[in-house]
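One structure is given here, and the rest of the page talks about it.
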Amino acid sequence: MPLTGNTDYKMYVKSNGFYAEPVIISTKGIRKSEIFADSLVLSPIDLKKAAIWRTILFKGKKEEYTPESVSGLDSLVNLLEVNPEIQIEIGCHTDSRGSFTDNLLLSRKRSDEIAMYLINKGIDAPRIISIGYGEGKLLNYCRDGVLCLEEDHAVNNRVEIKVLELIR
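Be aware that the sequence shown starts at 252, since it is given in the working numbering, and climbs by one per residue.
Structural data, given as structure tokens:
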């Protein structure tokens, strides 16, 4: 495709079943016609495989995400914008401190907070499933009655994003 001089371009390459990948081209400083050729490898969309988003954090036993989490949330918004065919599950998990019921409620509120952020940024609500798992799926030995370091508890406090299906 013909490009205009002295311009920055950002395009996305997409194929069914793969995540869209950005291609960035700049014609700034180019004085004669040139052919741009770029190769890239598209990543397949792996259905139902959870990815931990450590950039979305919560302080203590609160349901509000930290201000530092906004960049991680915006990355998720971007992922959903450039891949409009994916439906995701937001799964929030807590550590084992506190009661099972309180942790389940807290994780549900956290996943709902993330879902509302995405919806407020223009992502269609039917593309988002919000689930709180509480302390039901711990990743380590830090169960009730076990003395653990804060860092070990932090492993269990997490947000997992899973692509559920491709919407046509």
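Even glycine gets a Cβ: it sits at the ideal position worked out from N, Cα and C.
Where residue i sits in the DSSP three-state scheme
i: V321; result: helix
i: F269; result: strand
i: M262; result: strand
i: V292; result: coil
i: S358; result: helix
i: V406; result: helix
i: L308; result: coil
i: S420; result: This structure cannot speak to residue 420, because the chain is shown only from 252 to 419.
i: V414; result: strand
i: I275; result: strand
i: A366; result: helix
i: A376; result: helix
Of the residues the options, the one placed nearest residue i, counting alpha carbons only
i: N257; options: K372, K283, F269; result: K283
i: L356; options: I365, R394, T345; result: T345
i: N329; options: R348, E416, Y270, G342; result: Y270
i: E285; options: F351, P253, M367, D375; result: P253
i: M367; options: G387, K388, I341; result: I341
Cβ-heavy atom distance, residue i to the ligand COA, below 7 Å
i: I307; result: This structure does not include the ligand COA; it has no bound ligands of any sort.
Exposure label - residue i; buried when at least 16 CB within 10 Å
i: R409; result: buried
i: N354; result: buried
i: I365; result: buried
* Do the stretch 358-372 and the stretch 310-325 meet, that is, are 3 or more Cβ pairs less than 8 Å apart? -> Because the criterion of three Cβ pairs below 8 Å is met, the stretch 358-372 and the stretch 310-325 touch.
* Asked: Counting Cβ pairs, one atom from each stretch, are 3 or more of them under 8 Å apart for the stretch 271-289 and the stretch 372-385?
  -> Taking a cut-off of 8 Å for Cβ pairs, the stretch 271-289 and the stretch 372-385 do not touch, as fewer than three such pairs fall below it.
* Asked: Which whole runs of the beta strand (DSSP E) in the stretch 326-353 are 3 residues long or more, in chain order?
  -> 337-344
* Asked: Do the stretch 321-341 and the stretch 297-310 make contact, defined as three or more Cβ pairs closer than 8 Å?
  -> Contact between the stretch 321-341 and the stretch 297-310 is present, because at least three Cβ pairs lie under 8 Å.
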